[in-house]
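The structure under discussion appears below in the form of structure tokens.
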Amino acid sequence: MTKRILIVDDEAGVREILQICLEAVAGWEVFTAASGREGLAIAEAEQPDAILLDVMMPGMDGPTTFRQLQANEAIRRIPTILVTAKAGFSEQKQLLDLGVNGVVTKPFTPEYIVAKICKILNWNL
Amino acid sequence: MTNDEKVNILLVDDHPENLLALEAILENLGQNLVRANSGEEALKCLLDRDFAVILLDVQMPGMDGFETAELIRLRRKNQQTPIIFLTAFHKNEQFMFKGYAVGAVDYMIKPFPAEILKSKVSVFINIFKTNAQLKQQKELVESTNLELQNEIKKHRHTTKLLEIKQGEFEAIFESIPDAVIFTDLNLKIIRCNPAFTALFGYESAEAINQDYQIIWKDRKISLTTVLNNIDNLKSYEMGYSRKNGEQFIGDTINTLVKDADGNTIGLLGIIRDITSRKRAEEEIAMLNHQNSLILQSAGEGIYGVNCEGKTTFINPVAAKMLGYEPSELIGQPMHSLLHHSKADGTDYPLEECPVYKSLKDGTIHHITNEVFWRKNGSQFPVEYVSTPIEEQGEIVGAVITFKDITERQAIEQMKNEFIAVVSHELRTPLTAIHAALNLLSTGLVDANSQKGRRAIAIAEENSDRLVRIVNDILDLERLQSGKMGLSKQPCNAADLMVKAIDSMQEMANRSQVNLSVSPLSIVLNADSDRILQVLTNLLSNAIKFSPAGATVWLTVELQGDRNQKSTVGAGFTDNLTTKTDNLTQPAPAVLFEVKDRGRGIPAEKLDTIFERFHQVDASDSRKQGGTGLGLAICRSIVQQHGGEIWVESVPGKGSNFYFTLPLTPNP
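Listed in order, the protein sequences are those of chains A and B.
By the count of our numbering, the first sequence reaches residue 202 at its end, each step adding exactly one.
By the count of our numbering, the second sequence reaches residue 701 at its end, each step adding exactly one.
As structure tokens, this is what we get:
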């Protein structure tokens, strides 16, 4: 069954290229949201298999969005992976401590990010 | 005895009539005639006084004349007293011999002619008188002689004492380490000691007979100056010159030399070279001064503690940072005053305190992550160094230098945040480019497919954005570090405004925004390219945030008339916020204004909008292709021109951006 993934990122370019990557490499069905608020709504509506959530977003950032997601019974079990440009070990640890399933760093190659998502979520292509 | 003095003449006879007769004869000699009626009485008289001559009757009852004479001669005092015997016997040699044997000087046979007796007695009177005078003279000579001998003795003793004193004086004079000079009343040097030679460089022979002035060389010091300083052996400081011209300061005593009668006979000068002492004193004073200056003016807090950890000194900066008066801290245990707790409020045991360790084992500690506590109970982050003070191998205390690093931490945090933002701003387009190119290069998408063309477009857009961001960052960095010099030259405000509108017209058309410009011909001294950059930046922001069909106004006015400006902001009086508009008497300046009727800026953002990467909403700024650095660049350019930039805005109604450029060129 085709996996359904939600991408939440305020950066149009990143959002779109990530979508192309996931579609082209893995053939997953991709939804996109340009803000945390939009992401929460789409997640609730579409019930995706996983959420790729950008960390640094204006207004509601990734961690805040994740906490709200956790607070919502309807969507709190959806696996969530944070996408960050911060590559430092302590920063990643801080993010993992939030309780997310995993962290992937920018920039990325198409194959790397798909492989990383599969590894975190224990999926097979 | 003088000739007028009366002498005694003893008349001895048992017959009173004879005595009367003798008295009658001798009376007119004018001497003192003493009568005796017997030998015994005569001897009695001799006990009392001296007699010039004794007239002694030979035939007397009891003790006769001879016996009396013998007894008289027994007395040493009377051995020479002339005795004239008076007798009625005929001249008889045997008898006369007896008389001479017992000491007679003469015989007179009764009856005798009065004149002869008188003249004989006169002779003895004269002899007696002469003898008496001789005796007196002899006594005088003897006593004079004795006096002389005593004098000689005394003199010898004095001479000896003098020799001892002279020896003592010479020893002192020669060996005293101070220069000593004697001069005569004309201030000619008459003596000087080896210390003088050592100090001034003149040999004794060179100095003697020279004027006292040589010790000052060319500096004329009057006698009055010297005499005025003769003050009860008090010393005073004076400058002197050595033979080689070197100057030095001498501690000086001048005193007058007097003879035994108190007459001034010369001057004594004693000079001690105190140059090195003065220098040492000056050095100590200077060091003290420097030390206190350093302590007073050091930007860092500095305090010292003794081995018990109690304050021995503290500079004003340190006391101020801690909120105390320096006097409140002296003698106080510093750890319990300002270091009692850690940043989280938990106890800071003394044994863990680095200062305590310095005192204990002499180690130096550099601490950057602790806090000190103020008098008012607040804390501040500090960096401090604790260094032990050692004296002769023993730790006697420690010096602690510290600074409040609140500001540094804030800057550090700002820097970290900036780096995070920059890295995010750079990584974001890079991520898109990187992934897009990878999709194409690995053949995951076909370049000619719809997705492929989209990937190429995304890569292109994001590389444009990357170029803009990198340019802006570099621009801003060069502007803020002053590396980008302004090339100011006269230019017309109207030209700049028209050029700015021209270059933004296409963007405005795309956004269906009207541009309205009211140019005024004002000549400015400015870098026209940079001012154009500010204008287009402000216009571009205004266009971006204006809805379709709206208008963006660009106006200019000569500043100085504030009423005109308040008219501009009249619509916003309810919630008007000005950034740096606090001039009461503005210098002549040109005021540019860019006004839009966009969505406005929330009040809480007005303060930070000119900071780097502080867009009101980064996402839609980026949607518009902004870098987040435009307003920061505008502010740098305006400030470099000596102008100001600010914004007034009401959310939902629009924003007015203002900037001024001074008309008088900044020096």
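Think of the CB as a built atom: it goes at the ideal place given N, C-alpha and C, for glycine as much as any other residue.
A direct Cα-to-Cα measurement between K376 of chain B and G411 of chain B gives close to 13 Å. According to DSSP, G335 of chain B shares a beta bridge with B:F436. By the C-beta density criterion, I503 of chain B is buried, having at least 16 other C-beta atoms within 10 angstroms. Looking at the DSSP output, S275 of chain B sits in a beta bridge with B:Q281. In the structure shown, L290 of chain B adopts extended strand secondary structure according to DSSP, grouped into three states.
CA-CA distance, P125 of chain A to L588 of chain B, rounds to 50 Å. Look at K485 of chain B here: in three-state DSSP terms it is helix. In the DSSP assignment, Y390 of chain B falls outside any beta strand (DSSP E) and lies within the alpha helix (DSSP H) extending over 388 to 395. For a cut-off of 8 Å, the C-beta gap from D498 of chain B to L663 of chain B is around 15 Å, too long to register as a contact. Listed along the chain, the chain B residues whose CB falls inside 7 Å of the CB of C98 of chain A are A469, L473.
If you draw a 10 Å sphere on the C-beta of H468 of chain B, you find 16 or more other C-beta atoms in it, and that means buried. Take S515 of chain B, set aside five residues on each side of it, and no residue of its chain has a beta-carbon closer than 8 Å to its own. Under the three-state reduction of DSSP output, Y141 of chain B falls in the strand class. Assignment of beta-bridge partners to R81 of chain A by DSSP yields A:E106. Closer than 9 Å to the CB of S457 of chain B there is at least one CB belonging to chain A. For T694 of chain B, the beta-bridge partners assigned by DSSP are B:L625. I242 of chain B and Y236 of chain B have their alpha carbons spaced roughly 9 Å apart. In this structure the stretch 443 to 451 of chain B does not lie against the stretch 162 to 172 of chain A, because fewer than three pairs of beta carbons, one per stretch, are closer than 8 Å. Contact note: I492 of chain B reaches chain A through G90, E93, I94, using a C-beta cutoff of 7 Å and chain order. The C-beta of G273 of chain B has fewer than 16 other C-beta atoms within 10 Å across all chains shown, which makes the residue exposed.
By the Cβ-count criterion, L95 of chain A is buried, with 16 or more other Cβ atoms from all chains shown falling within 10 Å of its own Cβ.
Residues of the stretch 478 to 491 of chain B that bring their beta carbon within less than 8 Å of a beta carbon in chain A comprise L478, V479, K485, R488, A489, in sequence order. One finds H458 in chain B with Cβ atoms closer than 7 Å to the Cβ of M133 of chain A, taken in chain order. Beta-bridge partners assigned by DSSP to P415 of chain B: B:V405.
Check the Cα spacing between P95 of chain B and each of B:E75, B:R107, B:I106, B:D82: the tightest is with B:E75.
Here V68 of chain B is not near F162 of chain B, since their CB atoms are 9 Å or more apart.
Using a Cβ-Cβ cut-off of 9 Å, L549 of chain B does not count as an interface residue toward chain A, since no Cβ of chain A sits closer than that to its own.
Taking S550 of chain B as the centre and dropping the five residues before and after it, the same chain places the C-beta of T585, W587 closer than 6 Å to its C-beta, in chain order.
Contact annotation for L464 of chain B against chain A: P184 [CB-CB distance below 7 Å, chain order]. Comparing alpha carbon positions, the residue from B:P696, B:G583, B:H189 closest to P524 of chain B is B:P696.
Note that the C-beta distance between T642 of chain B and E459 of chain B is not below 9 Å.
The C-beta of K80 of chain A comes no closer than 9 Å to any C-beta of chain B. Within the DSSP secondary-structure output, N559 of chain B pairs in a beta bridge with B:P524. As a beta-bridge residue in DSSP terms, W680 of chain B pairs with B:Y692. Annotation for L173 of chain A: G179, V180 place their beta carbon closer than 8 Å to its own, counting only its chain and skipping 5 residues before and after.
Taking a C-beta cut-off of 8 Å against chain B, the contacting residues of the stretch 157 to 169 of chain A are A162, K163, listed in chain order.
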